[in-house]
Amino acid sequence: MNLFQQLFQASAEENNSQGDHDIQLELVGRVVPDSRRCVQCGVCSFNCPIGIPVREYARQGLPVQMADCITCGQCIQVCPRGTLRWEVQRR
Amino acid sequence: MRYLIIGNGAAGVSAAETIRANDPTGEIIIIGAEPYPMYSRPGLAYVLMNEVPWKQVMARRPEWYQRLQLSLVHGRVTHLDTAGKRVKLKNGRLISYDQLLIATGARAVPAPYPGADLKGVVYLDTLDGTRELRSQAKRGRKAVVIGGGITALELSEGLAANHVRTHYLLRRDRLWSAVFNDDEGQLLEEKIRSHGVKIHYHSELSEILGKRGKVNAVRLTNGEIIRCDLVGIGIGVRAQLEMVQNTPIKVDRAILVDQFMRTNIPHIYAAGDCAQVYDPWSETYNLDVLWPSAVAEGQAAGLNMTGHEHPYTKGIPFNACLLFGMHITAMGQINPRSDEADGELNVVQHLSRGSSELWYTYPRQYSSAWSKDGVNTVRLVLDGDFLVGALVIGDQALADPLRTVIQSRVNVSEILPQLKQGGSPMKAALEKLWIGIEAAEAGDNHSFGGS
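Laid out in structure tokens, this is it:
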């Protein structure tokens, strides 16, 4: 099980225990960088399937806010420095 | 006001950005020796491993320089006239300055062996060098790699990724002995072998042999000969100091600067890998070859060059890397053996990229706590009731909590039993402490904001 499946399942279990029905509508998330770890190598941007400049967000320490982000988690998986993580937010 | 920055790397570019934020109209000139915009030097390993194309490591576009009105000049400074406040480039051009930042970085130490100039002796050091190395790796069949730090390991991993049969020479019986203990070394050695790299213990190079100007073998000090087409050298880096030779600027292993990144000459600053920075806590001048340090030093220099009084506060030396598929985070003081400290320091003649000399200092009174769970390990280094360093391999869940705890220098006496116990009690205790520190810091920030 990959990271996202784990997160998804954990969230689903939590939500189901609270009696929620459609977890996909209840939970959103975003990619958040720790700029202190980032060395600007660009592996994240290169692997983004829709071309978001993730490196720029990481450099500035900003969460990836682009509406286009499909939250596939590729950037998190490939970052060699552990710069990126997934932050779950509730709507 | 004209700001002149020598060096287009992490420190120089961070300084330029900071200067522009504080002086919207001043003239800023950056001189870069390589014909590229700023690129990520740590990213070169991923170019070699074919993870990204070489153009991808460009961390700034030409438009970025234009937008911030930074003039990027490609050239090499050959002479610095501190009295006349100007520099001379190799092509003869003279450029004067009001404020000067030297951020020339560090370069790989050349192989100190006969045969070092043969074609096939390669370094992971510059973008051009890495592109050349990759093209040679595509033709190479067999390589020998030497060096004890991250760069040599990245060279081995990268060559193996290019299907080059790679031999890694270890001077002793343990891998990166200045950083790893026996168990940690063995974990990584298993990974290295699983990537097809052959490790030779107690092996030291004495000569690089060649034919018609090309490498064809190496000879070891025990007389053994290993046939190869490539010799990868990763024995450390040293500060680029050519332009300050024959100037009154004070130099030790790098350019000596105070907490404000000032050299002993007015209006001249230094930052990054070419700077040795005064640390008031230890009262010594320290050398780091770390990306985040270079960025922070560049930012501090930029602020002070624009008239602020901003001391550079050194964070704990920190590096997270991925070697042979293993995540490793090193922070603070982590040398595994106090009884060998002096001997180990002698071995580390030149810092390798991605390391700090603070990692290797380990006073005798330090103790350590050790936790191992399969391929995941955490080693804590303690000075009495304080955590001063940690090495985290595999699962990185504790890396950020540990950095915060070490950085904030909180007394950990109450959780010492759990720390020494390791495993989940250690994890729970550290996470609880971490959350407490973060909450306290958030509270402080809030009260600042409200006042």
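Chains P and C, in that order, are what the protein sequence lines are. For the first sequence, the working numbering assigns the number 2 to the initial residue and increments by one for each residue that follows. For the second sequence, the working numbering assigns the number 3 to the initial residue and increments by one for each residue that follows. Where a beta carbon is used, it is the ideal one built from N, C-alpha and C, also for glycine.
| Item | Value |
| --- | --- |
| Beta-carbon separation (whole angstroms), Val-181/C vs Val-239/C, contact threshold 8 Å | In fact, because the Cβ distance is near 16 Å, the residues do not count as touching under 8 Å. |
| Contacting positions in the region 66-92 of chain P - beta carbon closer than 9 Å to chain C | Val-79, Cys-80, Pro-81, Arg-82, Gly-83 and Thr-84 |
| Contact test: Gln-58/C Cβ vs the ligand NAD heavy atom, cutoff 6 Å | The ligand NAD is not among the ligands present in this structure, which contains no ligands whatsoever. |
| Listed by chain order, chain P residues near Ala-311/C by CB distance under 7 Å | The sequence given here has Glu at residue 311/C, not Ala. Those do not exist, as Glu-311/C stays about 24 Å from chain P at its closest Cβ, beyond 7 Å. |
| Collapsed DSSP secondary structure at Gln-25/P in the structure displayed | Because Gln-25/P sits at a pLDDT of 49, beneath the cut-off of 50, its placement in the model cannot be relied upon, and the following sentence gives the value as read from the coordinates. Helix. |
| Presumed contact (8 Å Cβ cut-off) between Ile-7/C and Ile-30/C, rounded CB distance | 7 Å |
| Closer than 7 Å to chain C by CB, Arg-38/P | yes |
| Interface partners of Leu-289/C on chain P, CB under 8 Å | Near Leu-289/C there are no residues of chain P at all, since even the closest Cβ is about 19 Å away, more than 8 Å. |
| Minimum Cβ-Cβ distance from Gln-61/P to chain C less than 7 Å | no |
| Near-chain C residues of the region 40-55 of chain P (beta-carbon distance less than 8 Å), N- to C-terminal order | Val-40, Gln-41, Cys-42, Gly-43, Val-44, Ser-46 and Phe-47 |
| Beta-carbon gap between Gly-43/P and Arg-56/P smaller than 7 Å | yes |
| CB of Ala-145/C within 7 Å of CB of Gly-234/C, strictly | yes |
| Within 7 Å of chain P by C-beta, residues of the region 106-139 of chain C in sequence order | none |
| Bridge partner(s) assigned by DSSP for Asn-378/C | Asp-375/C |
| Gly-356/C versus Met-3/C - alpha carbon distance | 35 Å |
| Cβ-Cβ separation, Gly-236/C to Lys-121/C (assumed contact under 8 Å), whole Å | The pair is not a contact, with the Cβ atoms about 18 Å apart (cut-off 8 Å). |
| Proximity test, Cβ basis, 7 Å: Pro-403/C and chain P | no |
| Backbone CA spacing between Val-79/P and Ile-270/C [nearest angstrom] | 40 Å |
| Separation of Thr-84/P from Lys-228/C, as counted between CA atoms | For clarity, residue 228/C is Ile in the given sequence; the question names Lys instead. Whole-angstrom Cα-Cα distance: 40 Å. |
| Met-328/C - containing beta strand (DSSP E), residue span | 328-334 |
| Three-way DSSP call (helix, strand, coil) for Phe-47/P in this model | helix |
| Complete runs of the beta strand (DSSP E) confined to the region 22-92 of chain C [at least 3 residues] | 29-34, 72-76, 79-83 and 88-91 |
| Supposed contact pair Leu-50/C and Arg-109/C - C-beta distance, whole angstroms, cut 8 Å | Wrong, their Cβ atoms sit about 17 Å apart, outside the cutoff. |
| Beta-ladder partner(s) of Tyr-280/C, from DSSP | Tyr-287/C |
| Cβ shell of Glu-19/C (< 6 Å), same chain only, five flanking positions each side left out | none |
| Strand pairing of Lys-200/C, partner residues [DSSP] | His-169/C |
| Paired residues, beta bridge with Gly-212/C - DSSP | Val-217/C |
| Positions along the region 60-71 of chain C whose CB lies within less than 8 Å of some CB in chain P | Met-60 and Ala-61 |
| Sub-7 Å separation of Ser-295/C and Ile-152/C beta-carbons | no |
| For Glu-88/P: DSSP bridge partner residues | Arg-31/P |
| Spatial neighbours of Asn-48/P in its chain, beta-carbon cut-off 7 Å, leaving aside the 5 residues before and after | Gln-75, Cys-76 and Val-79 |
| Contact list for His-329/C against chain P, beta-carbon separation under 8 Å | Gly-83 |
| Residues of the region 39-53 of chain C with Cβ closer than 7 Å to any Cβ of chain P, in chain order | Ser-42, Pro-44, Gly-45, Tyr-48 and Glu-53 |
| Gly-234/C (DSSP reduced to helix, strand or coil) | strand |
| Range of the contiguous alpha helix (DSSP H) that encloses Ala-113/C | First-last for Ala-113/C: undefined, no H or E at that position. |
| Segments of 4+ residues assigned as alpha helix (DSSP H) that fall wholly inside the region 396-442 of chain C | 401-410 and 418-423 |
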